[in-house]
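Q:
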Amino acid sequence: MDQRQQLIRDIYDFLKRNDFVVSEPDLYGLVTFDLICRRGDERYILKILYNVNTFSRIGVVPLIKMSAMTGSKTLIIGEKAGNNMLERGVLYFRHGVPILSFESFKDYIAGEPPFIYSAPGGFYVGINGQKMRILREQNNYSIGYIAQKLGVSRRSVSLYESGSSATIDIYLKLESILRGDISRDVDVSISNEEPMPVNAASGFINEVLTVMNNIGYISEYISRNPFDGLSYNSDSHLIIGAFNNVNENTNRIVSIKKISEVLGDIPVLINREDSNKRNIHGCTIISFNELRKIYDVDSFNEFLEK
């Protein structure tokens, strides 16, 4: 077993020990993510890479869509970036996706989110500006005094009190001067500001998702997965698989079912051909001809109930 596969297995075991419902480590050769897990209201989509520098920008689009539509946090978990080990307690980013070491992820699950993050120029600490101002005033320190002690401008101190981040060196000096913890937790969520490549469905998958949108669902194509799309409205969350022939894709259907069990969503298989089957491996089967005859969400739900 290589280092990445061992890391996936270790994280899977850790999640199971901590009462998460977890997808199997190998679902039909997944490439977008490696594990999905849920514990109560907590949902995580995990991409696991021993060296996080191998994470490609092409994988960002499906992760962003899945995160938004399933209400999940998306994280990359790794051990190294290039030749350097990831630091415990530090949040990293690649293509806007948050990255934690396995040890940092354990801390995060235990309720200890990171307050240090990596960015161009080094490590930074998010500052709780309100707490900083309160401590400064309690000590009867002026902004000018703090600026002098830090060796920075008064404007920089004002920015810190507005919530700007500081380098670790500056933060440690501030903490010493004010005699208190003024850090704030870093937001562990996707922070993507780069323009992303369009990742659109084509062919039969596009036809299926178009009909789902016309019925009244918000549907998104999710590439590089066993399923093809997610269709959501206020009442129903569906995992959609588009098939030319459901009888020829048993492994893929089993993977869709397992993912639906973790997320708590309904798996629906749309078959291009008419089929006498209504269910396979716990997934509802609807022929495309039947789907095109459904015009609203209520009719769709009635069809599912039947």
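According to the working numbering, the sequence shown is numbered sequentially starting from 1333. No residue lacks a Cβ here, since even glycine has one placed at the ideal position from N, Cα and C. Everything numeric in this text was worked out from a predicted model, so none of it was measured.
#1: Taking a contact to mean a Cβ-Cβ separation below 8 Å, would you say residue 1359 touches residue 1379 in this structure?
#2: Between the segment 1506-1514 and the segment 1465-1473, are three or more C-beta pairs nearer than 8 Å?
#3: Would residue 1423 and residue 1382 qualify as a contact pair, given that the criterion is a beta-carbon distance under 8 Å?
#4: Under a three-way DSSP split, which group does residue 1539 fall into?
#5: In angstroms, rounded to a whole number, what distance separates the CA positions of residue 1560 and residue 1614?
#6: One question on the structure: do residue 1409 and residue 1429 come within less than 8 Å of each other, judged by their Cβ atoms?
#7: Classify residue 1589 as buried or exposed, calling it buried when 16 or more other Cβ atoms lie within 10 Å of its own Cβ.
#8: With DSSP run on the structure shown, which of helix, strand or coil describes residue 1387?
#9: Where DSSP assigns a beta bridge to residue 1552, which residues make up the other side?
#10: With a cut-off of 8 Å, does the C-beta of residue 1359 fall near any C-beta of chain C?
#11: Report all residues from its chain with a CB closer than 8 Å to the CB of residue 1479; omit the five preceding and five following residues, and keep chain order.
#12: Whole angstroms are fine: how far does the CA of residue 1347 sit from the CA of residue 1365?
#13: Expressed to the nearest angstrom, what Euclidean distance is found between the alpha-carbon atoms of residue 1601 and residue 1522?
#14: Sort out for me which residues DSSP pairs residue 1451 with in a bridge.
#15: What distance in whole Å lies between the Cβ atoms of residue 1411 and residue 1434, which are believed to be in contact at a cut-off of 8 Å?
#16: Less than 8 Å between the C-beta atoms of residue 1439 and residue 1547, yes or no?
#17: Give me the Cα-Cα distance between residue 1544 and residue 1372, rounded to the nearest whole angstrom.
#18: Taking its Cβ as the centre, do 16 or more other Cβ atoms sit within 10 Å of residue 1398, making it buried, or is it exposed?
#19: Taking residue 1573 as the reference, give the member of 1557, 1564, 1567 with the closest Cα.
#20: Quick check on the burial criterion: 16 or more other C-beta atoms within 10 angstroms. Buried or exposed for residue 1401?
#21: For the candidate residues 1367, 1540, 1375, 1492, whose alpha-carbon lies nearest to that of residue 1626?
#22: Which same chain residues, not among the five before or five after residue 1578, have their C-beta less than 8 Å away from its C-beta?
#23: Which word fits residue 1637, buried or exposed, when buried means at least 16 other C-beta atoms lie within 10 angstroms of its C-beta?
#24: Between the beta-carbon of residue 1387 and the beta-carbon of residue 1426, is there less than 8 Å?
#25: Taking DSSP's pairing of strands, which residues face residue 1417 in a bridge?
#26: Compute the Euclidean distance between the alpha carbons of residue 1458 and residue 1443, then round it to the nearest angstrom.
#27: Return the chain-ordered list of same chain residues with a C-beta closer than 8 Å to the C-beta of residue 1518, the five sequence neighbours on each side being excluded.
A: The structure says:
#1: Cβ atoms of residue 1359 and residue 1379: not closer than 8 Å.
#2: Yes: the two stretches touch, three or more of their Cβ pairs being nearer than 8 Å.
#3: No, Cβ-Cβ distance for residue 1423 and residue 1382 is not below 8 Å.
#4: Here residue 1539 sits in helix by DSSP.
#5: Computed Cα separation, rounded: 17 Å.
#6: No, these two residues do not count as a Cβ contact at 8 Å.
#7: It counts as buried.
#8: Residue 1387: coil per DSSP, three-state reduction.
#9: Within the DSSP bridge table, the entry for residue 1552 names 1562 as partners.
#10: Absent here is chain C; the protein component of the structure consists of one chain.
#11: For residue 1479, where only same-chain residues beyond five positions count, the Cβ hits under 8 Å are 1485, 1486, 1488, 1489.
#12: A straight-line Cα-Cα distance of about 15 Å links residue 1365 and residue 1347.
#13: Each residue's Cα considered, the two are about 30 Å apart.
#14: Residue 1451 is bridged by DSSP to 1454.
#15: Indeed they touch by this definition, with Cβ atoms about 7 Å apart.
#16: Cβ distance not < 8 Å, so residue 1439 and residue 1547 don't count as in contact.
#17: If I take the Cα positions, the gap works out to 29 Å.
#18: Classification of residue 1398: buried, given that the 10 Å Cβ count is 16 or more.
#19: Cα-wise, what sits closest to residue 1573 is 1557.
#20: Buried.
#21: Closest by alpha carbon: 1540.
#22: For residue 1578, same chain residues with a beta-carbon under 8 Å away, outside a window of 5 residues either side, are 1585, 1601, 1603, 1607, 1609, 1612, 1617 in chain order.
#23: Under this definition residue 1637 is an exposed residue.
#24: Cβ distance < 8 Å, so residue 1387 and residue 1426 count as in contact.
#25: Answer by DSSP bridge pairing, in chain order: 1412.
#26: Between the C-alpha atoms of residue 1458 and residue 1443 there is a straight-line separation of about 18 Å.
#27: Taken in chain order, the residues that qualify are 1423, 1445, 1446, 1447, 1448, 1449, 1458.
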